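Please read the structure below before turning to the comments.
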Amino acid sequence: MSDGVAEFARTHIAGTDVWTLDDMPPALLAAMGQAGLFRIGLPEAHGGTGGGYPAIAAAEQTLMAVGGIAGIGTIFGSHQMVARYYFADHASPAQQAQYLPALASGALTVAVAISEPEVGAHPKKLTTAAHRTATGWALTGRKAYVTNGPLAGLFIVLAITAMDGDRKRYSAFLVPRDAPGLTVHHAPTSPGSRPAGHVSLTLDQCQLGPDAMLGAEGTAYETMALGFRDAEDGVGTAGMVGKLHHCLGLLAREYGAAMPDGIAAELGALAGLVELTAEATAALAQAGEDGTLMDARPQALNIGARQLGVMLVARIRALPVATGAERAPRIAALLASIEGGMNVARGPRLARVVKLGRAL
Numbered sequence: 037m038s039d040g041v042a043e044f045a046r047t048h049i050a051g052t053d054v055w056t057l058d059d060m061p062p063a064l065l066a067a068m069g070q071a072g073l074f075r076i077g078l079p080e081a082h083g084g085t086g087g088g089y090p091a092i093a094a095a096e097q098t099l100m101a102v103g104g105i106a107g108i109g110t111i112f113g114s115h116q117m118v119a120r121y122y123f124a125d126h127a128s129p130a131q132q133a134q135y136l137p138a139l140a141s142g143a144l145t146v147a148v149a150i151s152e153p154e155v156g157a158h159p160k161k162l163t164t165a166a167h168r169t170a171t172g173w174a175l176t177g178r179k180a181y182v183t184n185g186p187l188a189g190l191f192i193v194l195a196i197t198a199m200d201g202d203r204k205r206y207s208a209f210l211v212p213r214d215a216p217g218l219t220v221h222h223a224p225t226s227p228g229s230r231p232a233g234h235v236s237l238t239l240d241q242c243q244l245g246p247d248a249m250l251g252a253e254g255t256a257y258e259t260m261a262l263g264f265r266d267a268e269d270g271v272g273t274a275g276m277v278g279k280l281h282h283c284l285g286l287l288a289r290e291y292g293a294a295m296p297d298g299i300a301a302e303l304g305a306l307a308g309l310v311e312l313t314a315e316a317t318a319a320l321a322q323a324g325e326d327g328t329l330m331d332a333r334p335q336a337l338n339i340g341a342r343q344l345g346v347m348l349v350a351r352i353r354a355l356p357v358a359t360g361a362e363r364a365p366r367i368a369a370l371l372a373s374i375e376g377g378m379n380v381a382r383g384p385r386l387a388r389v390v391k392l393g394r395a396l
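Per the working numbering, the sequence shown starts with residue 37, numbered consecutively.
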């Protein structure tokens, strides 16, 4: 499938102006579905290609390396990770049968809503709550920073369903976009993430049926939210590697045949470091598939890959512009996207770095 992904990226993404758009063009999203991109990594029994997280990581890396538009990688990666993690791993057989075929075809996109305004995803500070009604459930609260929200026909919303002393117990709910009491608010799209937008949600006694819960009641934060953050973090390094590959290609074209030896040596060194990061990324994707992402070695690889990413961004920024040329604007957009990804969940990442250092 990797050749097919590369061909799709060459013919539908590379060289286009999609990276300047706030919103994903519907025709491009439909083309991704028709080309089978959303089948990648999902269970064969429900219309997928199999392969799990390694297949998803490889496809996202290729989309970025060839197509070079950060937001496309975000849209694809988020779509596949939510489908693979939440539905293939945590949904009931009935929910899998209902939703996975539509996710694999691209007819449906699902977005995860955990974070809230001003407090992020901190479990002690979230306030969105759900209570039982005569016909099912009602949810009240607000959610923010919902990736793929502009495309989503369905949201997975984390809400408090009980208190265990001072501890909040969370459940996950499947909320259709047209659910009574749900309002979707579009947010501005940052230049580094175009055309992958975000939304915020307002739930005002949002009415759901009795079968809207995903997974076991009261366990969603521990069994789903935390694990998804780790899986998304680890597999997501593939997108970073692809962006770096594309930047190096743009730089090589900028310098052309007259490239000085010093510049060639630096680009060669950067290419070697990107390949090293790619090896770590492949190991992380396999660890996600094996359920070992939180083991010591994958955690160290994740930290190392991201530290290399920070260093590579700085070295690319330091390269002088070729004489008589201009720096491609897409390079700045890709580097901004990498830096933006580094700023997500900085607290948990710092805690892991500290833990690794103390374990030496």
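Glycine included, C-beta positions come from ideal geometry on N, C-alpha and C.
Only a predicted model underlies this, so the values are computations on that prediction, with no experimental measurement involved.
Secondary structure of residue i, DSSP reduced to three states
i, result
"residue 317", "helix"
"residue 239", "strand"
"residue 71", "coil"
"residue 288", "helix"
"residue 152", "strand"
"residue 232", "coil"
"residue 346", "helix"
"residue 271", "helix"
"residue 357", "coil"
"residue 339", "helix"
"residue 160", "coil"
"residue 51", "coil"
"residue 262", "helix"
"residue 224", "coil"
"residue 57", "coil"
"residue 207", "strand"
"residue 334", "helix"
"residue 117", "helix"
"residue 249", "strand"
"residue 108", "helix"
"residue 396", "coil"
"residue 216", "coil"
"residue 278", "helix"
"residue 196", "strand"
"residue 175", "strand"
"residue 255", "coil"
"residue 168", "strand"
"residue 309", "helix"
"residue 98", "helix"
"residue 190", "strand"
Rounded separation between residue i and residue j - CA only
i, j, result
"residue 364", "residue 290", "8 Å"
"residue 208", "residue 353", "42 Å"
"residue 41", "residue 50", "12 Å"
"residue 216", "residue 134", "21 Å"
"residue 222", "residue 230", "14 Å"
"residue 132", "residue 196", "24 Å"
"residue 204", "residue 164", "11 Å"
"residue 259", "residue 48", "38 Å"
"residue 334", "residue 327", "11 Å"
"residue 214", "residue 126", "24 Å"
"residue 296", "residue 360", "14 Å"
"residue 247", "residue 376", "37 Å"
"residue 158", "residue 362", "43 Å"
"residue 356", "residue 298", "11 Å"
"residue 175", "residue 202", "21 Å"
"residue 339", "residue 385", "8 Å"
"residue 96", "residue 378", "17 Å"
"residue 55", "residue 156", "27 Å"
Under 8 Å between C-beta atoms of residue i and residue j
i, j, result
"residue 404", "residue 162", "No answer is possible for residue 404: it lies beyond the span of the chain, which begins at 37 and ends at 396."
"residue 237", "residue 191", "yes"
"residue 84", "residue 75", "yes"
"residue 341", "residue 94", "no"
"residue 267", "residue 324", "yes"
"residue 188", "residue 145", "yes"
"residue 150", "residue 210", "no"
"residue 186", "residue 59", "yes"
"residue 124", "residue 78", "yes"
"residue 218", "residue 270", "no"
"residue 332", "residue 227", "no"
"residue 337", "residue 283", "no"
"residue 286", "residue 366", "yes"
"residue 80", "residue 72", "no"
"residue 181", "residue 115", "no"
"residue 147", "residue 98", "no"
"residue 383", "residue 272", "no"
Nearest-angstrom Cβ-Cβ length linking residue i and residue j, presumed shorter than 8 Å
i, j, result
"residue 172", "residue 244", "5 Å"
"residue 403", "residue 232", "Nothing about residue 403 can be reported from this structure: the residues present for the chain run from 37 to 396 only."
"residue 312", "residue 344", "7 Å"
Any non-hydrogen atom of the ligand MG within 7 Å of residue i CB
i, result
"residue 147", "Looking at this structure, you won't find the ligand MG or any other ligand, since it has none at all."
_For the pair the segment 111 to 127 and the segment 136 to 146, tell me if three or more CB-CB distances fall below 8 Å._
yes
*Inter-stretch contact at 8 Å, needing at least 3 Cβ pairs: the segment 266 to 280 / the segment 91 to 107*: yes
_For the pair the segment 284 to 304 and the segment 61 to 68, tell me if three or more CB-CB distances fall below 8 Å._
no
*Between the segment 306 to 316 and the segment 346 to 356, do three or more beta carbon pairs fall short of 8 Å?*
yes
_Within 8 Å, do at least three Cβ pairs link the segment 388 to 396 to the segment 312 to 331?_
no
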